[in-house]
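> Taken in sequence, the protein lines are chains A and B.
Residues in the first sequence are numbered consecutively from 25, following this note's numbering.
Residues in the second sequence are numbered consecutively from 21, following this note's numbering.
By construction, the Cβ of each residue, glycine as well, lies at the ideal position given by its N, Cα and C atoms.
Nothing here was measured: the structure is a model prediction, and the numbers come from that model.
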Amino acid sequence: MGKPRVAILRSAGINCDEEAVFAWGLAGADVSLVHLDDFVATPNRVDEYDILTFPGGFSFGDDISAGAIFASCIGQALSDRIRRLVDRGGLVLGICNGFQILVKAGLLDVGTPDTACSLTINTSGQFTCRWVTLESKSSNCAFLEPNRHYFLPIAHAEGRFVVSDGGEISPNRVALSYADGIQRIGPANPNGSVHDIAAITDVTGRIIGMMPHPERYVRYTQHPFWTSIPEPTEPDGLAIFRTAVKNVG
Amino acid sequence: MAERKINWRVSVRARHGQNDAKGRITLSELRRAGFDEVAAVRATRIYELAGDISYDQVQLLCDKLLVDRAIEIGAVESTVSWPDSFAGALVEVHLQPGIMDPVALSAIDACNKLLQNRDPSMASPVECVQTAWRYEIDGVGRIDRVEEMAQRVLANDCVERVFIKAFDRTDALPSEIAIAPVAEFKLISVALIGLDDDALTELSKRGRLFLSLPEVKEIQAHFAKLGRDPTDVELETIAQTWSEHCVHKTLKSAVAYAGRPFGVESSSCQTVERRYDNLLVDTIVRATEELDCDWCLSVFEDNAGVVEFDDDNGIAFKVETHNHPSAIEPYGGAATGVGGCVRDILGCGLGAKPIANTDVFCVAEPGWDDARLPTGVLHPRRILRGIIGGVRDYGNRMGIPTVAGGLRFDERYLANPLVFVGSVGIIPRKHIAKAPKPGDRIVVAGGRTGRDGIGGATFSSGELTDTHADEFSHAVQIGNAIEEKKLLDALLRARDHESGCLYSAVTDCGAGGLSSAVGEMAEHLGASVQLENVPLKYTGLRYNEIWLSEAQERMVFSVHPSKMEMLQAVFEREGVEVADIGEFNDSGTLELRFNDEQVGRLDLDFMHNGLPKITRVARWDGLPEGVAAKPVKITNENAQEMMLSKLASIDSCSREPIFRQYDFEVQGGSVIKPLVGVGEGPSDAAVITPKLDSNRGVAIGMGMCSDRIEPDPYWMAVRSIDEAIRNLVCVGADPSRIAILDNFCWGGCADEEAMGALVRACQGCHDAALAYKAPFISGKDSLNNQFSLSPDDAKRLNLPNTIAIPPTLLISGIGHVEDIRRCVTSDLKPGGGELFAVTYDWSSPSFESAAIVHRCIAALIAGGNVRACHDISDEGVALAVAEMCIGGKCGAHFDLKNVADDEPVKVLFDKQLGGYVIQVTGSVDFSSVKKCTNVIKLGVVTDEARLQIAAADRMLLSIDVAELDRAWRGGLVRDLGERTNG
């Protein structure tokens, strides 16, 4: 198989698209930037790709709520095409605002009937930019190695994962959770997410939404204290893109 | 005022049991402002919709867009009314009519798109949306308390209006959305010819032109020659072009200086005289010319200065201030300040891509006594939280990392906070030159033009008073970062278009709006503008309002007619509106038309060169008394206590509560972040790599010396430059490749002493730039930062009638980093090593020794022996070492027995000591600096996290690093714990 073809969706206010292009390129993928309007106008263009990425940013200003307007643009026809991509072995990655979009577009659910989930304002009430330790538990995720720790940055105001009143999330949907690890300032869970959830997948493990930004740690010098540690064999963020490239198809 | 009837009102609130973040934040803000009686606050988001919308449609919008059903409940009502079930106080906060509401704009589009998605035959039923917040407040006992909290915390009446239902007050909620009135076209000319001096002065004042008498007389003479009176738009255009904000007439004036000498002679009592033909050109610009560095690619001619990055790219840097708008509406003022500075980067050459932002704030202490607040002044805490929010939201939303900044407190900033915002961009070298050509179309792109921000340039050129907030509320704006992000996306795609750049020149619409953007682009050509072609937010703007509006997020392009179609296609793709509003020609005049009428015809030579040149007199007879802060006596006995209190002080403590709110990682280029090391200590400067596949980097650092540390503006300027360079050298920048920018903020320059202070600072800039071989590439000034109190207030609060800011000079530096893998951070690294302080003394300054020290440290870093390096800032060696311990979670142990000074504590806390503290391994060679500087071997770095300092066997202090950390990190948390403004 040749290089997997990755489409990175952009729209007004998406702003982590270029570093996502760079990260997928390092991982060995063939990457294009595609405007959301092109997919909405011609949903079968999704068929040209193996992997879709919904990058971070403030799509449409995060007006109304984070990702809400982008999600409302996706519509039935495009959703159907995205599910078909997954059915044929494709992958979907939503990062930060992309995670919020996937949730609000109904492409990610918690796996239990009558329970809705969402991402809302951090308990601190503030936008927060810091590095966190994450733990992967699921053995059913195309992006992650099971039982591995990842050290990645988060940067969001609306990253607190919540489920509707009295609801529960099926444990096998939890892809990453905030964990103790490298000792940093502030609590391990940076936003008050229920069960420390940082990322979830769909039932196939092929659609993932995550608050942390793997595309921001694909080079040694992006690490917050690289000047006091030896160079790692592979930055944690790059590992996520490489695992996905390995598992596509 | 015209109206649209509100057809539906949708209210959205948190479900029971889910977190009501807005309510909780509001509660904590009310408590912080002293409303302790408040027991609970619930917040509800209101959307008011106008248009031919059915009940089913509004329900659909509720379910699919406006309400997040996992956590919120929505309610739809067809009438506007207060809920009657709540017993506490109800307060609704609406935007003032005409103030831009980005959420409403997004909501209109999103609602119509969603409805059309369901039914493609549908037109756009949603015509108008208005948003508001409703607060349900429990526990408040009196109506005046409700009114007070509305005014002080919930709303800013400059941009918002408040409706209250509490006790026996029930305000009527508006059942209509206000739309601006339609004005009839009427050409107005201003009777100027024949007026005497008094009448002219009165005209300038009444028309808020802020022109001096000689200036109005010059205009009068010009029009007398033409044999006619000017139209209103002509007069306003000239006033705007000649404003301090746009033309920097004080800094560019001729000056006759008499007073103390400069340089090392400055403390002598003799008097020298010096004449400058143009103060700016003869000092700051001259230094750059004399240095003549081949790596400076564009200096003082464009919206930003540009230096070389690599063979193909340059780096652009610009720093602006946005002080007056931030005093009145901190959030919007700071946000639009960022937006304006980013547009300067976009409008540099044919467009640079923004890669980093910077911010420096000067405010009064957030603990200021509420009872001592003059009328018309916002509380410093509210100002600080607002400006942080504005910088945060604009930068984060645009996806530009805010990487470096500063914060300074001084009560003299009470009524005039300073907000410095900077932006850095990368630009292909082939795109640095631009020139509009006759025959090019004049194209305005971006946001629509409204009545917002009219008169901003002239407003910022005068002084603030207690009634300014009312009189100039129209100059205050709210930004829309996504509009500007779209503009950025479109501009870069048009610049890099496959058939070549689609335009011949571009500039941003800043102060003065179209008048200055088109006026500047046409300066050596001519232009004809059809004002009715400018896209408007609402109908009814007069031609002069269209021309002078400072509505945000707009840029002007000059486009060859053959490229118009392609340009339009690129911009439409990104959702950016473009409009052809006229043509550049070679007439030498600026013609303004509105439909078939000519409303203005100005001679461009007069507009740009007609400003009468004046000679200012400047004096400086010595240091003002009583400015320098009284030093606290530090002895061997209280050194430990001193250390902790200095770390915790508001001047030195961690700025983390600010940085954390900024996305300093976006774009993936961060190499040295605002906080460094495992212990997250302070960084001296930021380093970013604008090209992710390259190891070349850019370092960004700042310097600002207070007049309380150095009262002579000459040395204040020198030390500010020195600090900026030191910070850059600390992280590994090459001191032979540092360029600097100046931002002067003065209280006023009306008197000879203030002018003398300005001359001394400019001369200091010149001398230091030459000595350090650091050229200035751009700069900006804001010289009217004083506030007139009402006489009652001055008496009541025992304050002077006028509060002026101290002379303030920000130096922003940008340095070249050849290989980012050689960068160094300030945190101590485990595994030992020795600590040295390499210092020079400002009480007997010499440029040479400082310059040699910078080069020596840079050489040591390049040699690879330096494991950590930190700037000794204004608080002395001990504080620098403590911060290094915090960052590295390592300790240090030293004994000052080898220090020559009799008083070891003087070495530890001396404010007059400049230089570096470095952690080194292996042998290092200080021979190049030994002759002119003091190299102190402090001691060793220990893995045990404890700082121990002894003096000749006597322990001065011994503190756990965890305790240092607690002291340093806590200082601002109380005031900045939770966010404001959305």
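In terms of alpha-carbon separation, which member of E983/B, D312/B and I208/B lies closest to N564/B?
Here residue 564/B is taken as the residue at index 544 of the second sequence, counted from 1. Here the closest residue by C-alpha is I208/B.
> Would you list the residues sitting across from T962/B in a DSSP beta bridge?
By one-based count along the second sequence, residue 962/B stands at place 942. Its beta-bridge partners are G911/B.
> Relative to the C-alpha of T257/B, which candidate in L556/B, R51/B, S535/B and G768/B has its C-alpha closest?
Looking up residue 257/B in the second sequence gives position 237. Checking every option, the nearest Cα to that of T257/B belongs to S535/B.
> Got a sec: is the Cβ-Cβ distance from F230/B to anything in chain A below 9 Å?
Taking the second sequence and counting its residues from 1, the one referred to as residue 230/B is at position 210. By this cut-off, F230/B is not an interface position.
> By the 10 Å Cβ neighbour count, where 16 or more other Cβ atoms means buried, how is A589/B classified, buried or exposed?
Here the question's residue 589/B lines up with position 569 in the second sequence. By the 10 Å Cβ count, A589/B comes out exposed.
> Just to confirm, is the Cβ distance from I708/B to L748/B under 9 Å?
Translated into the one-based positions of the second sequence, residue 708/B becomes position 688. Translated into the one-based positions of the second sequence, residue 748/B becomes position 728. Not a contact, by the Cβ cut-off of 9 Å.
> Whose C-alpha, out of Q618/B, S893/B, A965/B and G396/B, is nearest the C-alpha of D252/B?
To locate residue 252/B, count along the second sequence from 1; it is residue 232. Nearest C-alpha to D252/B: Q618/B.
> What's the call for R33/B, buried or exposed, on a 16-neighbour Cβ count within 10 Å?
Within the second sequence, numbered from 1, the residue matching residue 33/B stands at position 13. So R33/B counts as buried.
> What is the residue span of the alpha helix (DSSP H) that D945/B lies within?
The residue you call residue 945/B lines up with position 925 of the second sequence. Unbroken run through D945/B: none, as it is neither H nor E.
> Counting only beta-carbon atoms, is E998/B nearer than 9 Å to chain A?
Your numbering for residue 998/B matches position 978 in the second sequence. In this prediction, E998/B has a pLDDT of 48, which is less than 50 and means its spatial position is unreliable; nothing more can be read from the coordinates.
> Sorted by chain position, which residues of the same chain lie with C-beta nearer than 7 Å to F106/B's C-beta, five sequence neighbours on each side aside?
Position 86 of the second sequence, counted from the start, is the residue given in the question as residue 106/B. Once the five neighbours on either side are set aside, the close Cβ partners of F106/B are E156.
> Going by DSSP, what residues sit across from L855/B in a beta bridge?
Along the second sequence, read from residue 1 onward, the residue named residue 855/B stands at position 835. DSSP, once it has assigned bridges, lists Q939/B and G959/B as partnering L855/B.
> When DSSP labels each residue in this structure, what does E97/B get in the three-state scheme?
Counted from its first residue, the second sequence places residue 97/B at position 77. Three-state result, E97/B: strand.
> Which chain B residues sit within Cβ distance under 9 Å of H237/A?
Residue numbering aside, residue 237/A sits at position 213 when the first sequence is read from its first letter. In chain order: E685, V686 and G688.
> Cβ-heavy atom distance between S863/B and the ligand ZN below 8 Å?
No copy of the ligand ZN occurs in the structure displayed, which carries no ligand at all.
> Listing by chain order, which chain A residues have their CB less than 8 Å from the CB of N553/B?
Within the second sequence, the letter at position 533 stands for residue 553/B. Within chain A, no residue comes near N553/B; the closest Cβ sits about 24 Å away, beyond 8 Å.
> Who are the Cβ neighbours of E983/B in its own chain at under 8 Å, not counting the five residues just before and after it?
Translated into positions along the second sequence, residue 983/B becomes position 963. If we look at E983/B and ignore the five residues flanking it on each side, its Cβ neighbours are L664.
> In three-state terms, what does DSSP make of M142/B?
In the second sequence, counting from the first residue as 1, residue 142/B sits at position 122. Three-state DSSP puts M142/B in coil, outside helix and strand.
> Taking only beta-carbon positions, decide if D509/B is within less than 9 Å of chain A.
Taking the first residue of the second sequence as position 1, residue 509/B is located at position 489. D509/B counts as touching chain A.
> Cα separation between L830/B and P731/B?
Along the second sequence, one-based indexing puts residue 830/B at 810. Along the second sequence, one-based indexing puts residue 731/B at 711. Distance between the alpha carbons of L830/B and P731/B: 15 Å.
> Any Cβ of chain A within less than 9 Å of the Cβ of Y792/B?
Counting from one through the second sequence, the residue named residue 792/B turns up at place 772. Closer than 9 Å: no.
> Given a cut-off of 9 Å on the beta-carbon distance, is the pair L809/B and T822/B in contact?
Taking the second sequence and counting its residues from 1, one reaches residue 809/B at position 789. Taking the second sequence and counting its residues from 1, one reaches residue 822/B at position 802. Yes, they are a contact pair.
> Checking 9 Å against the spacing of the C-beta atoms, do V284/B and D249/B come in under that value?
If you number the second sequence from 1, residue 284/B lands on position 264. If you number the second sequence from 1, residue 249/B lands on position 229. It is not a contact, given that the beta carbons lie outside the stated cut-off.
> Identify, in the order they occur along the chain, each residue of the same chain with its Cβ nearer than 8 Å to the Cβ of K1075/B, setting aside the five sequence neighbours on each side.
As shown, chain B starts at 21 and ends at 1002. That puts residue 1075/B outside it, with no answer to give.
> Buried or exposed for M21/B, please, with buried defined as at least 16 other CB atoms from any protein chain shown within 10 angstroms of its CB.
Mapped onto the second sequence, residue 21/B falls at position 1. Low confidence applies here, because M21/B scores a pLDDT of 49, under 50, leaving its location unreliable; read the following figure in that light. Label assigned to M21/B: exposed.
> Drop a sphere of 10 angstroms on the beta-carbon of S457/B, count the other beta-carbons inside from all chains shown, and report buried for 16 or more, exposed for fewer.
For the purposes of this step, residue 457/B is taken as residue 437 along the second sequence, with counting starting at 1. The sequence given here has Lys at residue 457/B, not Ser. K457/B should be labelled exposed.
> Beta-carbon within less than 8 Å of K849/B's beta-carbon, same chain only, minus the 5 sequence neighbours each way: which residues are those?
Position 829 of the second sequence, counting from 1, holds the residue named residue 849/B. If we look at K849/B and ignore the five residues flanking it on each side, its Cβ neighbours are R887, A888, G908, C910, Q939 and V961.
> Around the C-beta of R226/B, are 16 or more other C-beta atoms found within 10 angstroms, so that it is buried, or is it exposed?
By one-based count along the second sequence, residue 226/B stands at place 206. Exposed is the call here.
> Taking Cβ to Cβ, would you say T225/A is nearer than 9 Å to L132/A?
For this step, residue 225/A is matched to residue 201 along the first sequence. For this step, residue 132/A is matched to residue 108 along the first sequence. Yes. Within cutoff.
> Please confirm if I93/A has its CB atom under 9 Å from at least one CB of chain B.
By 1-based counting over the first sequence, the position of residue 93/A is 69. Interface residue, yes.
> Roughly how many angstroms separate the alpha carbons of T251/A and V691/B, rounded to a whole number?
The residue given as residue 251/A occupies position 227 in the first sequence. The residue given as residue 691/B occupies position 671 in the second sequence. Cα-Cα distance, rounded: 10 Å.
> Can you say whether N146/A is buried or exposed, counting buried as having 16 or more other CB atoms within 10 angstroms of its CB?
Within the first sequence, residue 146/A is the residue found at index 122, counting from 1. Buried, because 16 or more other Cβ atoms sit within 10 Å of the Cβ of N146/A.
> With DSSP as the reference, please indicate the residues paired to Q572/B in a beta bridge.
The residue given as residue 572/B occupies position 552 in the second sequence. Note: Q572/B sits in no beta bridge, so no partner.
> Can you tell me whether E258/A is buried or exposed? The criterion is at least 16 other CB atoms within 10 Å of its CB, across all chains shown.
Against the first sequence, residue 258/A aligns to sequence position 234. So E258/A counts as exposed.
> If contact means a Cβ-Cβ distance below 8 Å, which residues of the region 187-198 of chain A contact chain B?
Those would be V187, S188 and D189, in chain order.
> In angstroms, rounded to a whole number, what distance separates the CA positions of R35/B and S346/B?
The residue given as residue 35/B occupies position 15 in the second sequence. The residue given as residue 346/B occupies position 326 in the second sequence. Spanning the two alpha carbons is a distance of roughly 36 Å.
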